[in-house]
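Asker: Numbers given in this note's numbering equal positions in the sequence shown, counted from 1, plus 65.
Glycine is no exception: its CB is placed at the ideal position from the N, C-alpha and C atoms.
Take this structure first; my questions come after.
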Amino acid sequence: MRAVQITEFGGPEVLNVSEVEEPKPGDGQVLIHVDRAGINYADTHQVENSYLQRATLPMIPGGEVVGRTEDGRRVVALVGSGGYAEKAVAHAAYAFDLPDEVSDGDALAIVLQGTTAWHLLKTSTHLQAGESVLVHAGAGGVGSLAIQLAKRWGAGRVIATASSDEKRQKTLELGADVAIDGNPEGLKDRIIEANGGKPIDIVLEMVGGPTFDESFDALGRFGRLVTFGSASRENAKPIETSRLMKGSKSVIGFWLADCFTTPSLLADPVAELLDLTAKGELKPLVGGEYGMSEVAKAHLDLRERRSVGKLVLDPSR
Numbered sequence: 066m067r068a069v070q071i072t073e074f075g076g077p078e079v080l081n082v083s084e085v086e087e088p089k090p091g092d093g094q095v096l097i098h099v100d101r102a103g104i105n106y107a108d109t110h111q112v113e114n115s116y117l118q119r120a121t122l123p124m125i126p127g128g129e130v131v132g133r134t135e136d137g138r139r140v141v142a143l144v145g146s147g148g149y150a151e152k153a154v155a156h157a158a159y160a161f162d163l164p165d166e167v168s169d170g171d172a173l174a175i176v177l178q179g180t181t182a183w184h185l186l187k188t189s190t191h192l193q194a195g196e197s198v199l200v201h202a203g204a205g206g207v208g209s210l211a212i213q214l215a216k217r218w219g220a221g222r223v224i225a226t227a228s229s230d231e232k233r234q235k236t237l238e239l240g241a242d243v244a245i246d247g248n249p250e251g252l253k254d255r256i257i258e259a260n261g262g263k264p265i266d267i268v269l270e271m272v273g274g275p276t277f278d279e280s281f282d283a284l285g286r287f288g289r290l291v292t293f294g295s296a297s298r299e300n301a302k303p304i305e306t307s308r309l310m311k312g313s314k315s316v317i318g319f320w321l322a323d324c325f326t327t328p329s330l331l332a333d334p335v336a337e338l339l340d341l342t343a344k345g346e347l348k349p350l351v352g353g354e355y356g357m358s359e360v361a362k363a364h365l366d367l368r369e370r371r372s373v374g375k376l377v378l379d380p381s382r
């Protein structure tokens, strides 16, 4: 079968389409004929071996797929790796039946970015009605869904950052109250100004480096910052415990992989989000579809911040 297999770590240039052996499902697993696979920013880290979990070679990237099982079920599945291929294997507990009303692209956005946004707001930061929320990269896969969910769950004010006027306009269309430039220089002051002169209650942060630092400095009393990525590939400055104590602030980490040991931590959010999407009450943002032969361009577009929403890979071309 055709798959994107890497045999050395690096940038987009190491992504090559190859002929490889078909995967074989083990006990408790299902084989999926892939119609579409999801492309994530985390994949760019995995390909260069800079992600939280070290990779081994050779490797087929891709953490989620939509397709048909051998018995004809249409499912969206979290596969961990191996998704950039014509066939993939998933544990049965992480292959979810899809309503006809949910498109392939929407399903791929929901199963990874949607569940991440769900947990950031509910599990990690415990969003309360009336609280202000800052969503970094608001036009991205997680951010575009987090904006909608925060408004749905009663956030008092949702502020989004984005890197261009076009992306900032998109966040406003998704429901953000204010959209600001995400450039870290002077970011703290822009956040507070966008929040009516008040420090922020909750920050969803996945950039790292000075963006993290400025965002933390914008937190108010009992404010919570949850970090779930490092798109800048820079580390934030160390935070002294006294800075956490003053203002009773919290810094929280989140990694979706930590939910895999408890199937309900994924199944419950997926069911809720798919239902909302099927009813038209949640609108995932699908930003583009790439053929398998265009995978290097997809990764470059992600790294250069040229994309919006969820990116999708078509293994048939």
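1) Below 8 Å on the Cβ atoms is my guess for residue 379 versus residue 346; work out the distance and round it to an integer in Å.
2) If you check the beta carbons only, do residue 82 and residue 69 fall under 7 Å apart?
3) Could you check what DSSP says for residue 357 in three-state terms: helix, strand or coil?
4) If you draw a straight line from the C-alpha of residue 367 to the C-alpha of residue 202, how long is it?
5) From the DSSP secondary-structure annotation, give me the bridge partner or partners of residue 132.
6) So, residue 269 versus residue 281, is the Cβ gap smaller than 7 Å?
7) So residue 283 packs on residue 267, CB below 8 Å; how close in whole Å?
8) Inspect the CB distances between the region 349 to 364 and the region 310 to 329 and report whether three or more fall short of 8 Å.
9) Tell me the DSSP secondary structure of residue 314 in three-state form.
10) Taking the beta strand (DSSP E) that residue 267 falls in, what are its first and last residues?
11) At what residue ranges does the region 159 to 231 contain a whole run of the beta strand (DSSP E), taking only runs of 3 or more?
12) Report yes or no: do the region 104 to 124 and the region 159 to 168 share at least 3 C-beta pairs separated by less than 8 Å?
13) Among all the DSSP beta bridges, which residues are the ones paired with residue 124?
14) Leaving out five residues before and five after residue 299 in sequence, what residues of the same chain have Cβ atoms less than 7 Å from its Cβ?
15) So who's on the other strand from residue 83, going by DSSP bridges?
16) Take residue 146 and list the residues in its own chain whose beta-carbon comes closer than 7 Å to its own, dropping the five residues that flank it on each side.
17) Below 8 Å on the Cβ atoms is my contact criterion, and I expect residue 97 with residue 153 to pass it. Report the Cβ-Cβ distance as a whole number of Å.
18) From 120, 260 and 324, pick the residue whose C-alpha is nearest to that of residue 195; which is it?
19) Per the contact definition of three or more C-beta pairs closer than 8 Å, is the region 180 to 189 in contact with the region 235 to 251?
20) Assuming residue 303 contacts residue 174 (C-beta within less than 8 Å), just tell me the rounded distance between them.
21) Identify whether residue 291 lies in helix, strand or coil by the three-state DSSP scheme.
22) Counting only the same chain and skipping the five closest in sequence on each side, list residues whose C-beta sits under 7 Å from that of residue 117.
23) So what's residue 153 in DSSP terms, helix, strand or just coil?
24) Where does residue 94 fall in DSSP's three states?
25) Which of helix, strand or coil does DSSP assign to residue 373?
26) Name the residue from 89, 92, 101 and 77 whose alpha carbon lies nearest to the alpha carbon of residue 375.
27) With a 10 Å radius around its C-beta and 16 neighbouring C-beta atoms as the bar for buried, classify residue 169 as buried or exposed.
Answerer: Checking against the coordinates, here is how it stands:
1) Residue 379 to residue 346, Cβ: 28 Å. No contact.
2) With respect to residue 69, residue 82 sits close: the two C-beta atoms are nearer than 7 Å.
3) Helix at residue 357.
4) C-alpha of residue 367 to C-alpha of residue 202: approximately 12 Å in a straight line.
5) For residue 132, which the question treats as bridged, DSSP gives the partners 99 and 140.
6) The answer is no: Cβ separation not under 7 Å.
7) The Cβ separation is near 11 Å, so there is no contact.
8) In short, these stretches do not touch, since the Cβ pair count stays below three.
9) Coil at residue 314, not helix or strand.
10) 265 to 270 is the extent of the beta strand (DSSP E) around residue 267.
11) Taken in chain order, the unbroken stretches of beta strand (DSSP E) that lie wholly in the region 159 to 231 and span 3 residues or more are 160 to 162, 197 to 200 and 222 to 227.
12) Verdict: no, contact absent.
13) When beta bridges are read from the DSSP output, residue 124 appears opposite 71.
14) So the list reads 273 and 274, once near-sequence residues are dropped.
15) In the DSSP assignment, residue 83 is bridged to 68.
16) These residues qualify, in order along the chain: 124, 125, 126, 127 and 128.
17) Confirmed, Cβ separation roughly 5 Å.
18) Of the candidates 120, 260 and 324, the one whose C-alpha sits nearest the C-alpha of residue 195 is 260.
19) No: fewer than three Cβ pairs fall under 8 Å.
20) Contact between residue 303 and residue 174 does not hold, since the beta-carbon distance rounds to 34 Å and is not under 8 Å.
21) In the three-state DSSP reduction, residue 291 falls in the strand class (E or B).
22) Counting only residues of its own chain and dropping the five nearest sequence neighbours on each side, residue 117 has a CB closer than 7 Å to the CB of 320.
23) DSSP places residue 153 in strand when its eight states are reduced to three.
24) Note: residue 94 maps to strand in three-state DSSP.
25) In the three-state reduction of the DSSP assignment, residue 373 falls in the coil class.
26) Taking each of 89, 92, 101 and 77 in turn and checking the Cα distance to residue 375, the smallest one comes out for 101.
27) Classification for residue 169: buried.
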